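Q: So that we are looking at the same thing, I have put the structure below in structure tokens.
Residue numbers (the working numbering): 120 to 201.
The following block contains the structure:
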């Protein structure tokens, strides 16, 4: 019988202006998160959950739900651009 353990190193990050945080390099590498990656963020009880989404290929069709998310993100970026 084999037992598999997942060890997660505790990291603390500081929330910056506009709610930005930096994901530690160790976690980015482990999860394959690169600059420009899209993450889905949700909350569960008192926890934030970030989930990397697979990258979209140029010209790849997206569903209506994903399209609305992309439009909302672009609108948010447009409002915050200076």
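All residues carry an ideal CB built from backbone N, CA and C; glycine is no exception.
Just so we're clear, the structure is a prediction, and the values are computed from it rather than from any experiment.
1) By the DSSP assignment, the alpha helix (DSSP H) with residue 195 in it spans what residues?
2) Enumerated in chain order, which unbroken segments of the beta strand (DSSP E) with a length of 3 residues or greater are wholly contained in the segment 125-183?
3) How many angstroms separate the CA atom of residue 183 from the CA atom of residue 121?
4) What number of angstroms, rounded off, separates the C-alpha of residue 231 from the C-alpha of residue 171?
5) Taking the straight line between their C-alpha atoms, what separation do you get for residue 154 and residue 174?
A: According to the structure data:
1) Here residue 195 refers to the residue found at position 76 of the chain shown. Segment 183-199, the alpha helix (DSSP H) holding residue 195.
2) 158-163, 166-171
3) Reading the chain shown from its first residue, position 64 is the one you call residue 183. Reading the chain shown from its first residue, position 2 is the one you call residue 121. Those two C-alpha atoms are separated by around 44 Å.
4) Given that the chain is displayed from residue 120 to residue 201, the structure contains no residue 231 and the question cannot be resolved.
5) To locate residue 154, count along the chain shown from 1; it is residue 35. To locate residue 174, count along the chain shown from 1; it is residue 55. Distance between the alpha carbons of residue 154 and residue 174 is about 11 Å.
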